[in-house]
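Structure record follows, encoded as structure tokens.
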Amino acid sequence: MDEAARLGDSRLQEIKDRMRNLKLILSYDGSEFGGWQVQPNAVTVQGTLASAIGRVTGEKVLPQGSGRTDAGVHALAQVVTFVTESLVPTANFVKALNDVLPASVRVLEVEEAATDFHARKSARAKTYRYRIYRSAICPPFLARYVWHYPFPLNEPAMVQAAGRVEGEHDFTSFAAVDPERSAGVPPAFAGGEKARGREGAPASNSRQIFSSTWVRGGDEFVYTVRGSGFLHHMVRNLVGTFILVGKGTLQAEDVTRILEARNRSTAGATAPASGLYLVNVEY
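Read left to right, the sequence shown gives residues 365 to 647 (my numbering).
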């Protein structure tokens with residue numbers, strides 16, 4: 365019996381020794397996907413990537429992303445991890461996966477990662493960008509990648525309003541109605557005692573925003589925000605609120621009041637998904 369147990373343990377150790385934890389940098393056009401996460405009756409980025417990995421390795425794996433982008437949201441550098449027994453060199457993985465993935469999804473890099481590295485759990489900060497196209501006519505080749513908003517806006521007021529969300533705040537007012545769906549887990553909660561939500565997301569809606577800025581570049585007015593993590597729809601709800609400031613419906617100082625209210629109904633409508641990009645993830 366002891367001998368059988370030792371043989372079993374030895375076999376398990378051999379399997380563990382063969383396992384590789386691979387880290388991918390993924391870029392995708394989210395226009396025709398139902399979001400990142402696998403779901404019934406929808407084509408998703410996670411499902412598409414899982415299928416491609418299966419074709420290359422012959423294994424059934426579910427790659428884990430740094431966060432779940434919604435339907436129509438794009439990524440410049442989504443970080444993904446998956447465990448494999450495949451001996452395919454990392455450089456070959458890039459070519460092999462891109463050969464079977466649709467043109468709307470590209471693997472930019474593949475590298476070996478430490479066994480305890482996880483795309484979501486190890487993340488320490490993320491940057492998102494939101495693009496608004498301000499001219500009267502939006503070129504058809506840009507329409508899927510921006511929010512076309514040609515109406516008058518007080519852009520300096522929006523710049524001022526953006527700065528008011530910097531720092532650590534409770535962002536309940538800017539969370540979707542299902543706040544447990546977070547797009548990132550801040551390090552302060554990574555191993556804490558607070559109640560955990562779905563996929564290990566903390567029940568707390570507190571997040572730290574390191575920078576929050578609007579910049580005008582040509583015909584585009586672009587919002588960039590970097591933080592420890594983001595609640596579901598948080599960036600799009602911030603943009604929708606800043607638009608109200610630009611229209612004069614709200615004043616810049618009202619953003620502080622909305623934060624303190626911790627009530628979704630006090631903030632603006634959710635901006636369209638098409639203008640949002642996950643820019644990068646920091647570890």
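Where is the CB? At the ideal position from N, CA and C, for every residue including glycine. Source: prediction; values computed, not measured.
Distance between R432 and A439 (C-alpha atoms, nearest Å): 11 angstroms
How far does the beta strand (DSSP E) with T479 in it reach, from first residue to last? Note, T479: premise wrong, no beta strand (DSSP E); not H, not E.
Can you tell me whether DSSP reads S450 as helix, strand or coil? coil
Within its chain, find whatever has a CB closer than 6 angstroms to the CB of C502; leave out the 5 residues flanking it on each side and keep chain order. H512
For V510, tell me which candidate among L386, S395, N627 has the shortest Cα-Cα distance. S395
Output the boundary residues of the beta strand (DSSP E) element that contains A625. That residue, A625, is in no beta strand (DSSP E); its alpha helix (DSSP H) goes 618-625.
Can you check whether the CB of G429 is closer than 8 angstroms to the CB of V444? yes
Pick helix, strand or coil for E423, following the three-state DSSP scheme. coil
Name, in chain order, the residues that DSSP records as bridge partners for K387. T445, E475
Can you give the Cα-Cα distance for G418 and E530, rounded to whole angstroms? 42 angstroms
Compute the distance between the beta-carbons of A406 and S537, then report whether it is under 8 angstroms. no
With three or more C-beta pairs closer than 8 angstroms as the rule, is the stretch 468-475 touching the stretch 612-624? no
F515 - DSSP class collapsed to helix/strand/coil: coil
Along the chain, where does the beta strand (DSSP E) that runs through I501 open and close? I501 -> no beta strand (DSSP E), and no H or E assigned at all.
Could you give the distance in angstroms between the alpha-carbon of R600 and the alpha-carbon of F505? 22 angstroms
Excluding the five sequence neighbours on either side, which residues of its own chain have a C-beta within less than 6 angstroms of the C-beta of E646, listed in chain order? R488, A489
T408, buried or exposed, once every other Cβ within 10 Å from all chains shown has been counted against 16: buried
State the CB to CB distance for the pair E449 and E423, rounded to an integer number of angstroms; the pair is presumed to be in contact (CB under 8 angstroms). 7 angstroms
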